[in-house]
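Using numbering that gives the first Met the number 0, you'd call the opening residue of the sequence shown number 0 and step up by one each time. Glycine included, every Cβ here is placed at the ideal spot set by N, Cα and C. Since the structure comes first, as C-alpha cells, the remarks are kept for the end.
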Amino acid sequence: MKNVIFIAPPVAGKGTQSSKLVDLGYEHISTGNMLREEINKESDIGIQIKDIMTSGSLVSDEIVFELITNKFKTIDKPFILDGFPRTLNQAYMLDKLLNDLKINNYEVIYLDIELEEALKRALGRLTCECGLSYNIFFEKLKPKKENICDKCGKALVQRTDDNEETFRNRFDTFLKNNEPIMEFYKSKNKLHIIDTKIGNENITDKIKDILK
Ligand code: AMP
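Written as C-alpha cells, this is what we have:
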C-alpha cells in the first residue's frame with residue numbers, strides 16, 4: 000500500500016478519510032493531534048506552543064519536525080501524514096527525511112474545499128477523545144444524544160481553535176502557505192486534487208484508486 004500525505008485545509012475531511020484508511024491498516028500521523036497531546040501532557044513543548052495553537056498560528060517548523068522524526072522511528076505500517084507539511088520549508092524537511100529513509104512510494108492528496116463550507120463544518124464540529132467527530136449543523140453527522148459520543152459514551156467537546164476568528168486565521172494561513180507546497184509536489188508528479196463537493200464516500204473511492 001502506498002503512503003499518503005494529506006495537504007488539505009482545516010476541516011476538509013482529512014480526519015474522516017484518515018480513519019477509513021486506518022481501518023485498512025494505515026498508521027495515522029496527525030501533527031495537530033501530536034501537538035494537542037503535548038499541551039495536554041503539559042510538556043516543555045506543550046507549554047511553549049499552547050498560545051500559538053490557541054490563536055490558530057503555526058508552531059515552529061523545528062518543533063513539529065522533531066515530533067515527526069521521532070514518530071517515523073516507531074512506525075512499521077504504511078502511513079498517512081495529516082497536517083504536515085504546512086510550509087514549503089517543512090516540505091523540504093520532509094523530502095530529505097523520506098529520502099534518508101528511502102521512502103518514495105507515497106502520493107500527495109489535496110482535498111479542495113471553499114471557505115464558507117469549511118467555516119460551517121468548523122463551527123459545528125464536536126470531537127470525542129476516542130477520535131470520532133460530529134457536526135451539529137449536518138443532520139447526518141449529529142450525535143444520537145446531544146453532546147455524547149455514539150461510540151464510547153464520553154462527553155463531546157468543541158476544539159478551542161474552532162471559533163470563527165481563529166478558524167479564518169487558520170484557513171488564511173493555510174492558503175497562503177499551501178500554494179508553493181502544491182507546486183513542489185506537482186513538479187514531483189505526486190499531487191492529486193479531489194473536490195470535496197463529491198461527498199465522503201466518493202472521496203474515499205478516489206483515494207483508494209490513487210493508492211492502488
Ligand atoms: P490541525 O489539527 O491539523 O488543524 O492543527 C491544529 C493546529 O496545530 C494548527 O492550527 C497549528 O497551530 C498546529 N499545527 C499542526 N500541524 C502543524 C504543522 N505542520 N506546522 C505548524 N503547526 C502545526
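Measure the CB-CB distance between PHE170 and PRO8 and report whether it falls below 8 Å. Yes. Within cutoff.
Quick one: what's ALA154 bridged to in DSSP? Paired residues: ILE147.
Taking 7 Å as the cut-off, is the beta-carbon of LEU66 closer than that to any non-hydrogen atom of the ligand AMP? No, the Cβ of LEU66 stays beyond 7 Å of every heavy atom of the ligand AMP.
What's the gap between the Cα of GLU200 and the Cα of ASP99? Distance between the alpha carbons of GLU200 and ASP99: 35 Å.
What do you reckon, are the CB atoms on LYS70 and GLY24 nearer than 8 Å? Not closer than 8 Å, so no.
Using 10 angstroms around the beta-carbon of SER59, count the other beta-carbons present and answer buried if the total reaches 16, otherwise exposed. Its Cβ having fewer than 16 others within 10 Å, SER59 is exposed.
Suppose the cutoff is 8 Å on Cβ atoms and the five residues either side in sequence are ignored; what does the same chain contact list for LEU155 look like? The answer, listed in chain order, is LEU125, THR126, CYS127, TYR133, PRO142, ASN146, ILE147 and CYS148.
Mapping DSSP to helix, strand and coil, what is LEU110? In the structure shown, LEU110 adopts extended strand secondary structure according to DSSP, grouped into three states.
Classify ASN188 as buried or exposed, calling it buried when 16 or more other Cβ atoms lie within 10 Å of its own Cβ. Of the other Cβ atoms in all chains shown, fewer than 16 fall within 10 Å of the Cβ of ASN188; this residue is therefore exposed.
With a threshold of 7 Å, establish whether the CB of MET171 neighbours any heavy atom of the ligand AMP. Correcting the residue type first, residue 171 is Asp in the shown sequence and not Met. Short note on ASP171: C-beta not closer than 7 Å to any heavy atom of the ligand AMP.
In whole angstroms, what separates the C-alpha of ASN197 from that of LEU110? The amino acid occupying residue 197 in the given sequence is Ile; Asn does not appear at that position. One C-alpha to the other measures close to 11 Å.
Should PHE83 be listed as close to the ligand AMP, given that the test is whether its C-beta is under 7 Å from any heavy atom? Correct: PHE83 has its Cβ closer than 7 Å to the ligand AMP.
Cβ of MET92 versus every heavy atom of the ligand AMP: is any distance shorter than 7 Å? No, since every heavy atom of the ligand AMP falls outside the 7 Å radius drawn around the Cβ of MET92.
Distance between ARG35 and GLU121 (C-alpha atoms, nearest Å): The question names Glu, but residue 121 in the sequence shown is Ala. Taking the straight line from one Cα to the other gives about 17 Å.
How would you call GLU37, buried or exposed, if buried means at least 16 neighbouring beta carbons within 10 angstroms? GLU37 should be labelled buried.
Residue(s) in a DSSP beta bridge with ASN2: TYR105.
ASP194 - partner residues in DSSP beta bridges: In the DSSP assignment, ASP194 is bridged to ASP111.
Provide the residue(s) that pair with LEU125 in DSSP beta bridges, ordered along the chain. In the DSSP output, where bridge partners are listed per residue, LEU125 has TYR133.
Roughly how many angstroms lie between the CA atoms of HIS218 and ILE206, to the nearest whole one? Here the chain has residues from 0 to 211 only, and residue 218 is not among them.
Can you tell which of THR53, ILE46 and PHE83 has the C-alpha that lies nearest to the C-alpha of PHE64? The option with the nearest alpha carbon to PHE64 is PHE83.
How many Å lie between THR68 and LEU96 at the Cα? Going from the Cα of THR68 to the Cα of LEU96 covers about 8 Å.
With distances taken Cα to Cα, identify the nearest neighbour of VAL21 among ASN39, LYS40 and LYS1. With distances taken between Cα atoms, VAL21 lies closest to LYS1.
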